[in-house]
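Chemist: Before I ask anything, here is the structure I am working with.
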Amino acid sequence: MRKSRIILFFLAFLVWTLLGWPVDFQHLLVGILIACLVAFITGDMFVKRPHVFKSLKRYLWFLYYIPVFIWECIKANFDVAYRVGHPDLPIKPGIVKVKTDLKSDTALTFLANSITLTPGTMSVDVDSENGFLYVHWISVQDQDVEKATRIIVKRFEDILKKVFE
Amino acid sequence: MNEIIGLFFITVGLFFDFFGCLGLVRLPDVYNRLQASTKSVTLGTCSILFGLFLFKGFTAAGIKALLGILFLILTAPVAAHALSRSAHKMGVGLCKESVCDEYAKEKK
Chain A
-3 MRKSRIILFF LAFLVWTLLG WPVDFQHLLV GILIACLVAF ITGDMFVKRP
47 HVFKSLKRYL WFLYYIPVFI WECIKANFDV AYRVGHPDLP IKPGIVKVKT
97 DLKSDTALTF LANSITLTPG TMSVDVDSEN GFLYVHWISV QDQDVEKATR
147 IIVKRFEDIL KKVFE
Chain B
27 MNEIIGLFFI TVGLFFDFFG CLGLVRLPDV YNRLQASTKS VTLGTCSILF
77 GLFLFKGFTA AGIKALLGIL FLILTAPVAA HALSRSAHKM GVGLCKESVC
127 DEYAKEKK
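In structure tokens form, the structure reads like this:
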């Protein structure tokens, strides 16, 4: 409980400092007060498992996740540009169901966001109890749950499991 | 030198934002339109902001542009998720080219 408040305090203070960038004393003083207030009010909502922040291995895997994610983003943009610019509009849309093993809220949020920003897919709903995601796919390659899971989810799931679980 | 690279990034961003807008007009239903508009945000708007950062360097405007990239990447997919989910719950159907709808089966 106290640990999660301290983590939130430092995050809030960092964002405050960056927002009012030319650092001066008055800004920092008000920033400390505001960050204390935010950490006091919403401390137990933001960070539920503070021990996750301790291990260095998670940060390294997160650093590895960033270039993978950026590369998929670039591919997604070219994919959209190709589909939209093509005169025949080559789309074959549909909503498919995929499976995931991730359990924690943060990991599921990151997985859904990554699916939305990668080529051709957008997450519509999450069924966190049974571990299913409903994904809108702009060109459906396979309607089967297992095969769609292998194409859509596997790119990120292994990395995110090492970062957040 | 920084300004030339910044102009390059801004040009790339305008190019992809244009394709996002074109997709908003050309694609058939709400889900496909959300696909196009969400994806063009990342390389389109974010690279415009990154180009601004290269112009300004580590000043007040430059740092705010970098923070803007972070918040856009975190919030744009969440907005698309909320819009598509509520559209489906309100009964907005998929377009006639669609091949399957597992989510509608699940709701019954």
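Residue numbers (this note's numbering), protein chains in the order written: chain A, -3 to 161; chain B, 27 to 134. C-beta: ideal position from N, C-alpha, C; glycine also.
1. Just by C-beta distance, which residues in the segment 110 to 124 of chain A are closer than 7 Å to chain B?
2. Tell me the DSSP secondary structure of A/D84 in three-state form.
3. Taking only runs that begin and end inside the segment 44 to 111 of chain A, name each unbroken beta strand (DSSP E) of 3 or more residues, in chain order.
4. Going along the chain, which residues of its own chain have a beta-carbon closer than 7 Å to the beta-carbon of B/L120, five neighbours each way excluded?
5. Please classify B/Q61 as buried or exposed, where buried requires at least 16 other C-beta atoms within 10 Å of its C-beta.
6. Could you tell me whether the segment 64 to 81 of chain A touches the segment 43 to 50 of chain B, using the rule of 3 or more Cβ pairs below 8 Å?
7. One question on the structure: do B/S66 and A/V122 come within less than 8 Å of each other, judged by their Cβ atoms?
8. Whose C-alpha, out of A/I87, A/L85 and A/I91, is nearest the C-alpha of B/H114?
9. At which residues does the alpha helix (DSSP H) containing B/T68 begin and terminate?
10. Bridge partners of A/V131, per DSSP?
11. What's the C-alpha gap between A/V149 and B/I30?
12. Between the beta-carbon of B/L103 and the beta-carbon of B/T64, is there less than 8 Å?
13. Please go through the same chain and pick out, in chain order, the residues whose beta-carbon is closer than 7 Å to the beta-carbon of B/I95, but skip the five residues on each side of it.
14. Going by C-alpha to C-alpha distance, which of A/V34, A/V19 and A/L156 sits closest to A/P109?
15. Please decide whether A/L107 counts as near chain B, where near means a Cβ-Cβ distance under 8 Å.
16. Would you mind working out which of A/I62, A/K50, A/F106 and A/V136 sits nearest B/T101, comparing C-alpha positions?
17. If distances are taken between C-alpha atoms only, which option among A/T96, A/R146 and A/D140 comes closest to A/E125?
18. Excluding the 5 residues flanking A/L24 on each side, which residues of the same chain have their C-beta closer than 8 Å to its C-beta?
19. Taking 8 Å as the threshold (beta carbon to beta carbon), is A/A35 in contact with chain B?
20. Considering only residues of the same chain and omitting the five flanking positions on each side of A/E161, which have a CB-CB separation below 8 Å?
21. For B/V118 and chain A, any beta-carbon pair shorter than 8 Å?
Modeler: With the structure as the only source:
1. T112, L113, M118, S119, V120 and D121
2. coil
3. 90 to 95
4. D55, Y57 and D127
5. buried
6. yes
7. no
8. A/I91
9. That residue, B/T68, is in no alpha helix (DSSP H); it is neither H nor E in DSSP.
10. A/V92 and A/S119
11. 38 Å
12. First, the residue type needs correcting, since residue 103 of chain B is Pro and not Leu in the sequence shown. Yes.
13. C72, L75 and F76
14. This sequence places Asn at residue 109 of chain A; Pro is not what is there. Of the listed residues, the one whose Cα sits closest to A/N109 is A/L156.
15. no
16. A/F106
17. A/T96
18. T13
19. no
20. L98, K99, S100 and A103
21. no
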